[in-house]
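At position 148 of the sequence shown (counting the first as 1) the number is 153 in this note's numbering, and the numbers step up by one without a gap.
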Amino acid sequence: MLPLCEILQITVNDLLSGEKVAEGDYQKKAEENMMDLIRENAENKERMTLSIICGVITIIAVCALVMLASYLELPAAVRILLLVCAVLTAIAGIGAAARLEVKAGYYECPHCGTLFVPTMSDYVKGWHTLTRRRLTCPTCGKTSMCRHRITR
Ligand SMILES: [Zn+2]
Numbered sequence: 006m007l008p009l010c011e012i013l014q015i016t017v018n019d020l021l022s023g024e025k026v027a028e029g030d031y032q033k034k035a036e037e038n039m040m041d042l043i044r045e046n047a048e049n050k051e052r053m054t055l056s057i058i059c060g061v062i063t064i065i066a067v068c069a070l071v072m073l074a075s076y077l078e079l080p081a082a083v084r085i086l087l088l089v090c091a092v093l094t095a096i097a098g099i100g101a102a103a104r105l106e107v108k109a110g111y112y113e114c115p116h117c118g119t120l121f122v123p124t125m126s127d128y129v130k131g132w133h134t135l136t137r138r139r140l141t142c143p144t145c146g147k148t149s150m151c152r153h154r155i156t157r
């Protein structure tokens, strides 16, 4: 941000506000920008928490359905119905958890440090560990394991 502001001859505050901030409004605008950032970080943390809750509930529900289908004395048709329910629950639950997670924070490019939000399709296609995902950086175009960051 700093080199960009130097080239444009503006302050970081101007950049974050999207306008030339008058001398008198400087303090007020700086505080607003800071509050926006804090709010954004809090929202991202909440999305991440909801995503984890959603994932855990899905796992419990799917396990329960599979166990009912496996261990109870049931006609074959009911058993199949329970397994279909388990698959549908897994798809819906994992889908909802992924949608929340992709919007919770940013991915950081290890080459240029750009923070970005991937598209849902890039997110789904990317190989991943718990904290990293293989994504293509929109700034430098390199594909690598990008770290997931909840706050900035
Ligand atoms: Zn990059």
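Virtual Cβ for every residue (Gly too), placed ideally from N, Cα, C.
How is residue 37 classed by DSSP in three states: helix, strand or coil?
helix
Just checking my contact of residue 144 with residue 114 at CB under 8 Å: how many whole Å lie between their CB atoms?
Between residue 114 and residue 144 the Cβ distance is about 7 Å, and since that is below 8 Å, they are a contact.
Delimiting residues of the beta strand (DSSP E) encompassing residue 150
Secondary structure note for residue 150: its beta strand (DSSP E) is the uninterrupted segment 148-154.
Is it buried or exposed, residue 76, if we count other Cβ atoms within 10 angstroms and call 16 or more buried?
exposed
Could you tell me whether any non-hydrogen atom of ligand 1 is closer than 7 Å to the CB of residue 116?
yes
Hey, out of 106, 45, 74 and 91, whose CA is closest to residue 125's CA?
106
Please report the Cβ distance between residue 128 and residue 138, rounded to the nearest whole angstrom; I am assuming they are in contact, meaning their Cβ atoms lie under 8 Å.
Residue 128 to residue 138, Cβ: 7 Å. Contact.
Out of curiosity, what's the CA-to-CA distance linking residue 21 and residue 28?
15 Å
Go through its chain and collect everything with a Cβ distance to residue 49's Cβ below 7 Å, but skip five positions before and after it.
109, 110, 155 and 156
With respect to the beta strand (DSSP E) encompassing residue 137, which residues constitute its N-terminal and C-terminal limits?
137-141
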